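J.: What follows is a structure written as C-alpha cells; I'll ask about it next.
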Amino acid sequence: MNEWLDPLLLSRWQFGLTTVYHFLFVPITIGMALTVALFQTAWVRTNKEKYLQLTKFFGKLFLINFAMGVVTGIVQEFQFGMNWSDYSRFVGDVFGAPLAMEGLLAFFFEATFIGLWIFGWDKLPRGLHLATIWATAVGSILSAYFIIAANAFMQNPVGYDINEAKGRAELTDIWALLTNKVALAAFPHTIFACFMVAAGLIVTVAAWHLSRNQHLDTMRPALKFGLWMMMIAGALTVLSGDSLGLAMVQTQPMKMAAAEAMYTTSTGADASFSVFTLGTPDGVSELFSIRIPYLLSFLSTHTFNGTVEGINDLQAQYVQLYGPGDYTPTIWVTYWAFRWMIGLGLLHIVVAFVGLVLTRRKSALGARLLAGRWSRWIWKAAIWSFPLSLGAMIMGWVFTEMGRQPWLVFGLLKTADGVSPNVSGLEVLISLIAFTLIYGTLAVVEFKLIKKAAQKGPDDLPEPHPETGVRRQETTVY
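The sequence shown runs 1 to 478 under full-length UniProt numbering.
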C-alpha cells in the first residue's frame, strides 16, 4: 500500500496526465492558426466564397481547441508549486525569463489578435483583418519557442551558474538559454509536427464529409490542401528530426542508447538500427533483436563508421561522474515510444501520398477505387489520419521526457530530488483523482463540441444585399 502512496510516483503520474492532456491541444492550436490564415489569405486574394467558408469553418474548430488549451494549460503552472516545489526553487531563476516571455509577450500577443480576429469581421478592412490571424499564428509559434527553450534547459543546461549557498541554478546568459542547441533543433521539428497534426485534422474532417457526398465544393479543396500539407510537413519533420537526433546524441547519449536498446558501445556495422529488440528483465542485456547494420551509426554521426555509446558503458561513466545510482531510463518505454513515434508518423505520410495519388484529377485508378467496393475502406483510412499524427506527436513527447530520466535537469537535478518534501502521497492521490475526473469531463465536452462543429460542416454564406449585390460578412465565426 505504501508503494501506491509514494509521493514521487504519484506526482509523476499526475504531471504526466495533465501535461499529455494539455499537449493534445497545443499542436492543433499552432497548426490550425496557420491553416486558417492560409485559407483567409486565399479568400482575400481570389474572392472565392469557398475559401471564406473554409476560413470560418476551420476557424471555429481552432477557437474551440484554443479555449480548451488555455483552460488545461493553467493547471501546469500550479503543478510546479504543488508537487514539485524543490524543482521550482532549483530552476525558478532560469525558467523565469523564458516563461515570462511566453506569458507576457507571446501569449498576450496571440490572445489580443485572436480577439481582434473574432470581433473584427465587418469592422476591420479585409487586409487588416487578415493581418490579425497571421499575427495570431506568429504568436502561437513564438509562444512555442519560449516553452521549448525552457524545456531544452532540462535536456541540456546552459547559461547558468550554481549558487551553492541557495542550492539553485541562476541564469547568467539569457542568449545562451534561448540559443540552446537542443532548442534550435527541437523547435522546427516540433512546429512541423504541429502542421502534420493540423493537416491530419483537415483530412479527417474533409474525408468524413466527402464519403457522405456533403459540402463537395468546400471539402474537395480542403482535402487536397490537407494532403499536400501533410506531405510537406511530414518531409520537413523527418529532416528536422535528423538534426534533433544529432543534438540528442551530443547532449544525452543515454537517451539514444535507450531508444535503440543498445547495451554495448558499437561502431560501424555493429552500430545497427534496432527494428525489434527483446532484453532481459533487469534491462542490462539483449536477448534477441532484428537490426539494420550501419544505420544507427549514420543517424547518430552522419558517417557509416561512427561510434555509438551503449547503455552499460554510459551507466559506468555516469556512476563515476555523479555517484552511485541507476542512470538508465525505463528502456521499454523509451524504446517503444521512439518506434511508435516514427511508425505512426511515417504511416501518416504514406496515407497522404496514397491520398494524393487517388485524388489526382486524371487518375483512372483513383476514380475506379473511389467509386468501387474499396471506397469505404479508403475513406475510413483517410478519416483515421488525424489520430495517426496526434499519436505520433504524443509518443514523441513521451520519448523526450521519459528518455531524460532519472533527471529533471540533466546532470544537475534528479527527479526524486525535485518533488515537494511536505506533500503526502494521500494528498497527491486525491488531487490526481480530482484532476482525472475533471479532465475526463473536459475531454467529453471538447470531443462533443469538436465533433458537432466538424460534422455540421461549413455554414452557408449570407444572401447578397438586394441592392448592392454584396454579401455581408458575419460578425464572428460562431
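Where is the CB? At the ideal position from N, CA and C, for every residue including glycine.
Please read these numbers as outputs of a predicted model, since none were measured by experiment.
Just to confirm, are VAL197 and ALA454 a CB contact at a threshold of 7 Å?
T.: Along the sequence shown, one-based indexing puts residue 197 at 197. Along the sequence shown, one-based indexing puts residue 454 at 454. Their beta carbons are not under 7 Å apart, which means VAL197 does not touch ALA454 by this criterion.
J.: For PHE410, I'd like the list of residues in its chain whose CB is within less than 7 Å of its CB, leaving aside the five on either flank, ordered along the chain.
T.: Here residue 410 is taken as the residue at index 410 of the sequence shown, counted from 1. MET154, GLN155, ASN156, PRO157, GLN252, ARG404, listed in sequence order.
J.: Tell me which same chain residues have a C-beta within less than 8 Å of the C-beta of SER324, skipping the five on either side of it?
T.: Taking the first residue of the sequence shown as position 1, residue 324 is located at position 324. Checking the sequence shown, residue 324 turns out to be Pro, not Ser. Excluding sequence neighbours, PRO324 sits near nothing in its chain.
J.: I need the straight-line Cα distance from TRP377 to SER211, nearest angstrom please.
T.: Working through the sequence shown from its first residue, we reach residue 377 at position 377. Working through the sequence shown from its first residue, we reach residue 211 at position 211. Computed Cα separation, rounded: 10 Å.
J.: I'd like to check one pair, ILE450 with ILE114: are the Cβ atoms closer than 7 Å?
T.: Counting from 1 along the sequence shown, the entry for residue 114 is found at position 114. Counting from 1 along the sequence shown, the entry for residue 450 is found at position 450. Not closer than 7 Å, so no.
J.: Per the contact definition of three or more C-beta pairs closer than 8 Å, is the stretch 220 to 229 in contact with the stretch 168 to 186?
T.: No, because fewer than three Cβ pairs between the stretch 168 to 186 and the stretch 220 to 229 fall closer than 8 Å, the two stretches do not touch.
J.: Nearest-angstrom Cα distance between residue 479 and GLN76?
T.: Nothing can be reported for residue 479: it is not among the residues displayed for the chain, which extend from 1 to 478.
J.: What are the complete beta strand (DSSP E) segments, minimum 3 residues, inside the stretch 152 to 180?
T.: Those beta strand (DSSP E) runs which fall completely within the stretch 152 to 180 and span 3+ residues are 160 to 163, 168 to 171.
J.: Please classify VAL275 as buried or exposed, where buried requires at least 16 neighbouring CB atoms within 10 angstroms.
T.: For the purposes of this step, residue 275 is identified with residue 275 of the sequence shown, where counting begins at 1. With fewer than 16 other Cβ atoms within 10 Å, it is exposed.
J.: How would you label LEU104, buried or exposed, when you count the other beta carbons within 10 angstroms and need 16 or more for buried?
T.: For the purposes of this step, residue 104 is identified with residue 104 of the sequence shown, where counting begins at 1. Burial call: exposed.
J.: Of all the options ILE331, ILE202, GLY120, which has the alpha carbon lying nearest to the alpha carbon of LEU34?
T.: Translated into positions along the sequence shown, residue 34 becomes position 34. Of the candidates ILE331, ILE202, GLY120, the one whose C-alpha sits nearest the C-alpha of LEU34 is ILE202.
J.: My parser needs the beta strand (DSSP E) runs of 3 or more residues fully inside the stretch 91 to 150; what are they?
T.: Complete beta strand (DSSP E) runs here, min 3: none at all.
J.: Are the stretch 49 to 58 and the stretch 3 to 15 touching, with three or more C-beta to C-beta distances below 8 Å?
T.: In short, these stretches do not touch, since the Cβ pair count stays below three.
J.: TRP134 and ALA37 - do their beta-carbons sit closer together than 7 Å?
T.: Translated into positions along the sequence shown, residue 37 becomes position 37. Translated into positions along the sequence shown, residue 134 becomes position 134. Yes, these two residues count as a Cβ contact at 7 Å.
J.: Can you list, in chain order, the residues of its chain whose CB lies under 7 Å from that of TYR160, leaving out five sequence neighbours each side?
T.: Here residue 160 corresponds to residue number 160 of the sequence shown, with the count starting at 1. Result list for TYR160: VAL94, ALA169, GLU170, LEU171, THR172, in chain order.
J.: Tell me whether the beta-carbon of LEU10 lies closer than 7 Å to the beta-carbon of GLY425.
T.: As a first step, residue 10 must be located in the sequence shown, where it is residue number 10. As a first step, residue 425 must be located in the sequence shown, where it is residue number 425. Cβ distance < 7 Å, so LEU10 and GLY425 count as in contact.
J.: Buried or exposed: ASN180, going by 16 or more other Cβ atoms within 10 Å of its Cβ?
T.: Your numbering for residue 180 matches position 180 in the sequence shown. Under this definition ASN180 is a buried residue.
J.: So what does DSSP say about TRP407, is it helix, strand or coil?
T.: Position 407 of the sequence shown, counted from the first residue, corresponds to residue 407. Residue state, collapsed to three classes: strand.
J.: Considering only the beta carbon of each residue, do PRO125 and MET393 sit closer than 7 Å?
T.: By 1-based counting over the sequence shown, the position of residue 125 is 125. By 1-based counting over the sequence shown, the position of residue 393 is 393. No, the Cβ-Cβ distance between PRO125 and MET393 is not below 7 Å.
J.: When you compare the CB positions of ALA193 and THR237, do they come within less than 7 Å of one another, or not?
T.: As a first step, residue 193 is located in the sequence shown; it is residue number 193 there, counting from the start. As a first step, residue 237 is located in the sequence shown; it is residue number 237 there, counting from the start. Yes.
J.: Using C-beta distances below 6 Å, list every residue in its chain close to GLN53, excluding the 5 sequence neighbours before and after it, in chain order.
T.: Walking along the sequence shown from the start, residue 53 turns up at place 53. Contacts found: THR218, PRO458.
J.: Candidates ILE349, PHE338, ILE174: which alpha carbon is nearest ILE232's?
T.: Residue numbering aside, residue 232 sits at position 232 when the sequence shown is read from its first letter. Closest by alpha carbon: ILE349.
J.: Quick one: measure Cβ to Cβ for MET254 and ILE191, integer angstroms, because I've assumed they're closer than 8 Å.
T.: Taking the sequence shown and counting its residues from 1, one reaches residue 254 at position 254. Taking the sequence shown and counting its residues from 1, one reaches residue 191 at position 191. Wrong, their Cβ atoms sit about 26 Å apart, outside the cutoff.
J.: Can you grab the Cα-Cα spacing for the pair PHE107 / LEU142, in whole Å?
T.: Taking the sequence shown and counting its residues from 1, the one referred to as residue 107 is at position 107. Taking the sequence shown and counting its residues from 1, the one referred to as residue 142 is at position 142. Roughly 8 Å separates the two Cα atoms.
J.: Rounded to whole angstroms, what is the Cα-Cα separation between VAL477 and LEU390?
T.: Within the sequence shown, residue 477 is the residue found at index 477, counting from 1. Within the sequence shown, residue 390 is the residue found at index 390, counting from 1. Residue confidence is low: VAL477 scores 44 on pLDDT, short of 50, so the model does not pin down where it sits. No coordinate-derived value is stated.
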